[in-house]
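A quick write-up on the structure given underneath.
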Amino acid sequence: MSARILRGRVLSFVREPQGADDHDAYVYYEDGAVTIADGRIVAVGVFDAAAIGDVVDHRPHLILPGFIDLHLHYVQAQIIASYAGSLLEWLNNYTFIEEQKFGQQGHAGAIASAFYDELIRNGTTTAVAYCSSHPSSVDAFFAEAERRNMLMVGGKVMMDRNAPEALCDSAQSSYDDSRTLIDRWHGRGRGLYAISPRFAITSTPEQLAAAQALAQEFPDCYVQTHLSENDDEISFSMQALSRCQGLYRYLRGL
Ligand SMILES: [Zn+2]
């Protein structure tokens, strides 16, 4: 198969920039070329008119590596930009209603496909994502990524309180389901699993202990959660801590 050469302004990063003047962190070619053979990038550099391959001329556009999104919820793809005054209002009015649909047969697969189309359309080739509490939403997420050979990180949301019954698991079932999903998907193809307790409000201390046990059993898995996004959430979390562990007074005294 002959090489395909993408011609245009090429910008790529060799390491994390340490500031705006860190010019060693990136390479930039005003008339650059990205050469692809057998589905892989084999060369990046200055465009060479003598190079052999099918040239696709993107000038004057900028060619970048795929973006990596470190936090998204693929199961919320259909409620993007819905209005809410605060996080907790957003969860109760939109998110928890939307995520219940992932218990319906066929829904997760359809959304996963549309979600990846949208990611690619925006230049994002890898993401770290929350699925819903339904294990089937994780299966759809990784199966569609595998079909497209995309590197994706994600996991089943663990949540056992303060949410509609149809979304709640239990400390034990969330442990069991997460374990099964890790065995099925972590390290399969380019898929990587993230242990995903949603946040303190929707996880009992027992469930957080289950998440901790998973993290210890599978140290090469990722862990994702949410922390202190706004005042209402912090105050709700502190009250929950007060009821469950008596830590509220202790923390206030710090
Ligand atoms: Zn989030």
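Per this note's numbering, the very first residue in the sequence shown carries number -13; after that it's consecutive.
Beta carbons are placed, not taken as given, at the ideal position from N, Cα and C, and that holds for glycine.
These numbers were taken from a predicted model, which means no experiment stands behind them.
- Every beta strand (DSSP E) of 3 residues or more that sits fully in the segment 4 to 85 is shown, in chain order, as 12 to 23, 26 to 32, 40 to 49 and 53 to 59.
- The C-alpha of E75 lies about 12 Å from the C-alpha of N216.
- Taking the CA atoms as reference points, I(-9) sits about 36 Å from Q64.
- Proximity to L200 across R134, K142 and S223 peaks at K142, based on C-alpha coordinates.
- By the beta-carbon neighbour count (other beta carbons within 10 angstroms, threshold 16), R184 is buried.
- For S182, the beta-bridge partners assigned by DSSP are V143.
- In terms of Cα proximity to G177, the closest of I220, M145, A186 and T112 is T112.
- Taking the Cβ of L58 as the reference point, at least one heavy atom of ligand 1 falls within a distance shorter than 8 Å.
- An exposed status is given to L56, since fewer than 16 other beta-carbon atoms sit within 10 Å of its beta-carbon.
- Partner residues in a beta bridge of T190, as assigned by DSSP, do not exist.
- Contact annotation, I181 with S159: C-beta distance approximately 15 Å; criterion of less than 8 Å not satisfied.
- Taking a contact as a CB-CB distance under 8 Å, the pair L105 and L48 does not count as one, their CB atoms being some 19 Å apart.
- Secondary structure of S221 (DSSP, three-state): helix.
- S(-2): not part of any alpha helix (DSSP H); member of the beta strand (DSSP E) spanning R(-10) to F(-1), first to last residue.
- About 18 Å separates the beta carbon of G109 from that of G25, a gap too long to meet the 8 Å contact definition.
- Contact between F222 and I187 holds: CB atoms are separated by about 6 Å, below the 8 Å threshold.
- The closest heavy atom of ligand 1 lies less than 8 Å from the beta carbon of Y116.
- DSSP lists A180 as the beta-bridge partner residues of Y208.
- In the structure shown, A98 adopts helical secondary structure according to DSSP, grouped into three states.
- Y116 is bridged by DSSP to H59 and G141.
- Q86 counts as buried, since no fewer than 16 other beta carbons sit within 10 angstroms of its beta carbon.
- Rounded to the nearest angstrom, the Cβ distance from R(-7) to D43 is 5 Å, consistent with a contact under 8 Å.
- In its chain, beyond the 5 residues on either side, T112 and R176 have a beta carbon closer than 6 Å to the beta carbon of L137.
- Under the DSSP definition of a beta bridge, T111 lacks any partner.
- Relative to ligand 1, even the nearest heavy atom lies 8 Å or more away from the CB of H172.
- The count of Cβ pairs closer than 8 Å, one atom from the segment 80 to 96 and one from the segment 25 to 38, stays below three, leaving the stretches out of contact.
- DSSP places F127 inside the alpha helix (DSSP H), whose first and last residues are P121 to R133.
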